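Sequence order for the protein chains is A and B.
When the letters of the first sequence are read in order and numbered with my numbering, they come out as residues 1 to 589.
When the letters of the second sequence are read in order and numbered with my numbering, they come out as residues 1 to 267.
Single-structure report; data block below.
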Amino acid sequence: MAGGTGGGETIMATSATAHAHAGPQGFIRKYIFSLDHKVIGIQYFFLALTAVFVGMFLSLLMRIHLIAPLASLPLVGEIKPETYLSLLTMHGTIMVFFVLTTAPQGGFGNYFLPIQIGAPDMAFPVLNMLSFWTTFVGFVVIIAAFFVQGGAPLHGWTGYPPLSAVQSAGPGEGLGADLWITSIAIFCLASLMGALNFLTTTLDMRAKGMTMMRMPLTVWSWFITAILGLLAFGVLLTAGILLLMDRNLGTSFYVPQIIVNGQIMLHKGGSPLLWQHLFWFFGHPEVYIAILPGMGVTSQILSTFSRKPIFGYKAMVYAMLAIGFFGFMVWGHHMFMSGMSPYSAFAFSLLTMCIGVPSAIKTFNWLGTMYKARIRFQTPMLYAIGFVSLFVSGGLSGPFLAQPVLDIQLHDTYFVVGHFHLIMGVAAIFGMFAATYYWFPKMFGRMMNETWGRIHFFITLIGTYAIFMPMHYLGMAGGTRRYSQYTEVAYLQKLMPIHQFMTYAAIITIAAQFIFVINLFWSMFKGPKASDNPWEATTLEWTTATPPPHDNFGGVTPVVHNGPYEYGVPGAARDFVMQTDPPVASSGH
Amino acid sequence: MGLALLVVIWLITLASTYFFVAKSWLPVGASAAAGFMDGQFHLTLIIMGVVFLAAQLSLGYLAWRYREQPSSPPVAYSHGNVKLEVIWTALTTILFVGLNLMGSSVWAAQRFEPAGPGAVQVEVTGMQFAWYFRYPGPDGKFGGTSIKLMDPSAGGEAAVGLDTSDPASKDDVVTGTMYLPVDREVDVSLRSVDVIHSFFVPNLRFKQDAVPGLNIHLHFKPTAVGEYEIACAELCGLGHYKMHGMVHVVSQEDFDKWLAAREAEKQ
Chain A
1 MAGGTGGGET IMATSATAHA HAGPQGFIRK YIFSLDHKVI GIQYFFLALT
51 AVFVGMFLSL LMRIHLIAPL ASLPLVGEIK PETYLSLLTM HGTIMVFFVL
101 TTAPQGGFGN YFLPIQIGAP DMAFPVLNML SFWTTFVGFV VIIAAFFVQG
151 GAPLHGWTGY PPLSAVQSAG PGEGLGADLW ITSIAIFCLA SLMGALNFLT
201 TTLDMRAKGM TMMRMPLTVW SWFITAILGL LAFGVLLTAG ILLLMDRNLG
251 TSFYVPQIIV NGQIMLHKGG SPLLWQHLFW FFGHPEVYIA ILPGMGVTSQ
301 ILSTFSRKPI FGYKAMVYAM LAIGFFGFMV WGHHMFMSGM SPYSAFAFSL
351 LTMCIGVPSA IKTFNWLGTM YKARIRFQTP MLYAIGFVSL FVSGGLSGPF
401 LAQPVLDIQL HDTYFVVGHF HLIMGVAAIF GMFAATYYWF PKMFGRMMNE
451 TWGRIHFFIT LIGTYAIFMP MHYLGMAGGT RRYSQYTEVA YLQKLMPIHQ
501 FMTYAAIITI AAQFIFVINL FWSMFKGPKA SDNPWEATTL EWTTATPPPH
551 DNFGGVTPVV HNGPYEYGVP GAARDFVMQT DPPVASSGH
Chain B
1 MGLALLVVIW LITLASTYFF VAKSWLPVGA SAAAGFMDGQ FHLTLIIMGV
51 VFLAAQLSLG YLAWRYREQP SSPPVAYSHG NVKLEVIWTA LTTILFVGLN
101 LMGSSVWAAQ RFEPAGPGAV QVEVTGMQFA WYFRYPGPDG KFGGTSIKLM
151 DPSAGGEAAV GLDTSDPASK DDVVTGTMYL PVDREVDVSL RSVDVIHSFF
201 VPNLRFKQDA VPGLNIHLHF KPTAVGEYEI ACAELCGLGH YKMHGMVHVV
251 SQEDFDKWLA AREAEKQ
């Protein structure tokens, strides 16, 4: 630990003490209702792990049903069209909220943001605990939707009214749909609390010397994600409350005069497009909420394992800020076919193309980081490289969909399903895998198995491409999405061989995920003990003990002298200079 | 490990590219806009394909070329290159924005201007889970409809709630199959009575959501005689997968005969 004790540090230490809270006593305060951001991070991680297996199981049932519509399946029996749509709705909702939003931000962000900026905990530990347990309640509520009368809703994760606003519009649109929207509202509350905590912590609790431009890119990504969350979840919460009112109190925010099942509804004058605007005003930033932390961890890992500074640190920060900024101005590209003004499509389309530019900058910089490097290929690095590959593949289908004239053909086809699964689904998941393999030693004090990590990586990379790349071909051929079976439309029947291929690929890929889970739990107890800095990395979490003590740095406040990615510094004793080491000439960027 | 990555990433890239180009995936185009749209699609495909190949192949190559070996030279200690960043940013901006502007003319022609005066009028109504098509008949005027008169289970005129007391509705024809004359502009007026549906005819390169409460006007021109499938493209409930219909594009002569026969049936 470098640095003397100047006046400034004394003040820092005092303010840190003021934030610190007493160490936990019994089991319940230590592991269940813990105020420690590290325990809360792990709780979020395991909640997301549970959710991802539920979501994945639902997708497995969907894929099998698509190629064998009449087969009877375990746990669910014969899958009727409405059952399929319930699986689809719950798969999307669980994955987007309880996996893609929960693990990268709530899980890894919670655990590592305070440590990476040299803070003893989050700014508001009680609020942090409340965020997690609120998220947990949200998860219980959405799972409950499976078990109520009529089952889970069938309106898709986007829940477009009037289908989602009228109880008689289909099976599952009764209590199941109420639970669905209630769960989302609860989740929004939890995310708002989390976002406030992340923002305050980043702005107020950085150690001495940790200037904004010395923050690791992971911290930047969590910080920007928190800004997006603060602005987006409030809108979804409001939209959700209005939907609940339309459903149960007879209001007409989203529903005009309609007739369902021969019954004229009492609603009048509402606009179905209002929901779409509100939903996508949240929904598009949500895509970046899911992917930004993956970008952060990929940058961190690529630099660490390339043994080189990240290429264009400032450009990376500005690119993420630009993505966050533009992310709020492109929601209309989900609505080119919705009946909104065709003039506005022009603006949304142009802005959407603009958001491709910072994404291209990031890719360019990742490749630049690997150029003239000395790359080490431990599992975290494999997943970071996989992230870049998937991000490119998923990103390049964006400029098709961003052009309204091409969206006429591609909207609501499998082309879109392939696009968003590659980029916000699997790329984000690869970010989480990278983060898990990278930070596992710090979190649990042991190393994960490398051989099984590599096997898991190669099967998962090839498998995900085999599942999601063919979706683009299907979409180009006009393959519509959200069909429970492809038996009724002649041109869709001809595409069945592609569906069969995708289903087989999905079965293999899903099976391979058990390698990960077994590796995770086995290593937690039996893996070789990890040193404090097994990857020879530079950021603050690697300066402290493994696993970190209750207040993260054992009563000491770290002092930062260097930028986050000082690898291969000419003339340095080692090939890496930690952030707390004496300053190198070019530090601070 | 560097070599394994190179092989796997290159194979995935080449296999994906092969299937993009090995087959013409787009359905046969049968409308006036199809030529331009397909051209724009293929241009985008080529540009994105080149970027895809360049990025993925370099990723695999860099992983293999700069793997750590005992003989590796020290890394190039660099925090980046502002000039390269600026060039790269400018290039992608021009490329993306240019592509966008190129594609906008057809969108404008189809959506900013109304159909010409000689266009065939068809009202398309979506409901769980069927499409109905209404022609105004010889008077060229659609009669009134009312939600109070709607009986979706009855089908036909009753399903769209045709007000038979309106003189203009006397010669309106309502069918479950869409007939269109070839090479004539079609003025579609699209509506839904219950939830959102989407009227999608892949061969005609036509898609538009049907939204309850809105009456959306769009136009297109079929250019080839044939039978084309309609597939609902917006999730509308448990029967979404079977909300299917047919468009018959026929000669003007056959279209007139068909319409006359429907009028005769009505009398």
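Every residue, glycine too, gets a C-beta built ideally from N, C-alpha and C.
Bear in mind that the values here come from a model prediction, so they are computed numbers and not experimental data.
Amino acids of chain A, ordered along the chain, whose beta-carbon sits closer than 9 Å to that of residue i
i, result
"V8/B", "F458, L461, I462"
DSSP bridge partner residues for residue i (one or two, in chain order)
i, result
"G226/B", "V249/B"
"G126/B", "W131/B, S192/B"
"D183/B", "Bridge partners of D183/B: none, in fact."
"A71/A", "The partner list for A71/A (beta bridge, DSSP) is empty, contrary to what the question assumes."
"F220/B", "V186/B"
"T480/A", "T413/A"
"Y446/A", "It should be pointed out that residue 446/A corresponds to Arg in this sequence rather than to Tyr. According to DSSP, which records beta bridges pairwise, R446/A is partnered with K529/A."
"Y567/A", "F576/A"
"H197/B", "A210/B"
Assigned secondary structure, residue i (DSSP; H/G/I helix, E/B strand, else coil)
i, result
"E82/A", "helix"
"L266/A", "coil"
"Y593/A", "This structure cannot settle anything about residue 593/A, because the visible part of chain A is limited to 1 through 589."
"L26/B", "coil"
"A537/A", "coil"
"E85/B", "helix"
"I598/A", "The structure shown does not extend to residue 598/A, since chain A spans only 1 to 589, so no value can be given for it."
"Y473/A", "helix"
"L302/A", "helix"
"L162/B", "strand"
"P120/B", "The question names Pro, but residue 120/B in the sequence shown is Val. Note: V120/B maps to strand in three-state DSSP."
"V592/A", "The structure shown does not extend to residue 592/A, since chain A is modelled only from 1 through 589, so no value can be given for it."
"H155/A", "coil"
Backbone CA spacing between residue i and residue j [nearest angstrom]
i, j, result
"I67/A", "L235/B", "20 Å"
"H21/A", "A51/A", "Note that H21/A scores 48 on pLDDT, short of 50, meaning its location in the model is unreliable; the coordinates nonetheless yield the value given after this. Going by the C-alpha atoms only, they are around 31 Å apart."
"W180/A", "R206/A", "38 Å"
"W131/B", "C354/A", "38 Å"
"A232/A", "R65/B", "43 Å"
"G209/A", "P564/A", "12 Å"
"G246/A", "L278/A", "Strictly speaking, residue 246/A in this sequence is Asp, with Gly absent from that position. Computed Cα separation, rounded: 15 Å."
"E253/B", "R262/B", "14 Å"
"F57/A", "T379/A", "25 Å"
"V97/B", "H411/A", "20 Å"
"I606/A", "K362/A", "What the structure shows of chain A is the stretch from 1 to 589, and residue 606/A is not part of that stretch, so it cannot be assessed."
"K314/A", "M213/A", "8 Å"
"A30/B", "G55/A", "40 Å"
"L5/B", "R184/B", "55 Å"
"T487/A", "I408/A", "24 Å"
"K494/A", "Q485/A", "13 Å"
"P436/A", "L47/A", "The sequence given here places Thr at residue 436/A; Pro does not occur at that position. Distance between the alpha carbons of T436/A and L47/A is about 14 Å."
Cutoff 9 Å: residue i Cβ touching any chain B Cβ
i, result
"H589/A", "Residue placement at H589/A is flagged as unreliable, the pLDDT there being 45, under the threshold of 50; a coordinate-derived value is accordingly withheld."
"V287/A", "no"
"D246/A", "no"
"A68/A", "no"
"G170/A", "yes"
"G270/A", "yes"
"Q409/A", "yes"
"V417/A", "no"
Contacts that residue i makes with chain A (C-beta to C-beta distance below 8 Å)
i, result
"W25/B", "Y473, M476, A477"
"T164/B", "Simply none; closest approach about 18 Å."
"T93/B", "C354, V357"
"F52/B", "V392, S393, L396"
Below-9 Å beta-carbon distance, residue i vs any chain A residue
i, result
"W181/B", "The sequence shown places Pro at residue 181/B, rather than the Trp named in the question. No, because no Cβ of chain A sits closer than 9 Å to the Cβ of P181/B."
"L14/B", "no"
"L259/B", "no"
Closer than 9 Å at the beta carbon, the chain B residues around residue i
i, result
"V426/A", "The contacting residues do not exist; V426/A stays about 13 Å from chain B at best."
"T503/A", "Those within 9 Å of T503/A in chain B number zero; the least Cβ separation is about 17 Å."
Contacts that residue i makes with chain B (C-beta to C-beta distance below 7 Å)
i, result
"D412/A", "S198, A233, E234"
"A399/A", "At residue 399/A the sequence reads Pro, which differs from the Ala that was named. The answer, in chain order, is T44, M48, F96, L99."
Residue i: contacting residues in chain A (beta-carbon distance under 7 Å)
i, result
"A55/B", "T363, V392"
Residue i beta carbon near the ligand GTP (any heavy atom closer than 8 Å)
i, result
"Y371/A", "What this structure holds is no ligand at all, so the ligand GTP is not there to describe."
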